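Numbering-wise (our numbering), the sequence shown opens with residue 4 and increments by one.
A short write-up of the structure that comes next.
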Amino acid sequence: MEIAPLITRAVLTVEESDTLQDAAEWMMERGVGSAVVLREGKPTGIVTDRDTLRIVAQGVDGSAVTVGDCLTRKLVTATPTMEVLDAARIMREKGFRHLVVVNEAGALEGLFSMRDLVVGLLQERDTAPRAEGAGTDGTGSATE
4 MEIAPLITRA
14 VLTVEESDTL
24 QDAAEWMMER
34 GVGSAVVLRE
44 GKPTGIVTDR
54 DTLRIVAQGV
64 DGSAVTVGDC
74 LTRKLVTATP
84 TMEVLDAARI
94 MREKGFRHLV
104 VVNEAGALEG
114 LFSMRDLVVG
124 LLQERDTAPR
134 AEGAGTDGTG
144 SATE
């Protein structure tokens with residue numbers, strides 16, 4: 004299964020020049036844990052709630068630093084045609100909770116998150132053919 008139908012397309016975006024305080028407030032308002040950082044319309048990084056916590060825990064005033072000062076620059080991207088399990092492997096290996104999804108031109112398409120991953124895996128499980136004799140719990144015995 005490709006990640007295309009699972010990605011979040013309404014993604015919060017910020018500029019590197021925005022303050023971390025502003026980015027954190029926008030994430031709270033939208034109820035999201037990350038914002039994709041853009042430069043000239045293309046993703047250059049991602050800033051997450053974890054980045055915000057890390058900076059604030061160091062005693063730094065969020066209004067005194069920019070997103071560009073603290074964003075995750077090791078941006079690893081995915082394409083909409085990437086398989087769910089391939090995206091999961093990358094996220095596990097890199098310790099990421101989000102993958103920025105870009106098209107062939109490098110423009111932002113959306114975001115693939117751990118939540119999207121769980122939805123995709125459950126959809127795959129629910130649509131997978133069951134082995135003959137398998138019970139509802141997958142052990143071969145019916146449970147109620």
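The beta carbon of each residue, even a glycine, is placed where N, CA and C say it ideally should be.
Since this is a predicted model, take the numbers as computed values, not measurements.
- In this structure the stretch 44-62 lies against the stretch 71-85, because at least three pairs of beta carbons, one per stretch, are closer than 8 angstroms.
- Restricting attention to Arg12, Val70 and Leu120, the CA atom closest to the CA of Arg100 is found in Leu120.
- Comparing C-alpha distances from Gly44 to each of Asn106, Arg92 and Gly65 shows the shortest one belongs to Asn106.
- Per the Cβ contact rule, the stretch 53-70 is in contact with the stretch 23-40 (3 or more Cβ pairs under 8 angstroms).
- The beta strand (DSSP E) runs lying completely inside the stretch 74-134 and spanning 3 residues or more are 101-105 and 111-116, given in chain order.
- Between the stretch 89-104 and the stretch 114-133, the count of C-beta pairs closer than 8 angstroms reaches three or more; the two stretches touch.
- Note on geometry: alpha-carbon atoms of Ala108 and Leu88 lie some 24 angstroms from one another.
- In this structure, Glu19 places its C-beta atom within 8 angstroms of the C-beta atom of Val70.
- Counting every other CB atom within 10 Å of its CB across the protein chains shown gives Met4 a total below 16, marking it as exposed.
- Distance between Ala38 and Thr84, taken at the CA atoms: about 22 angstroms.
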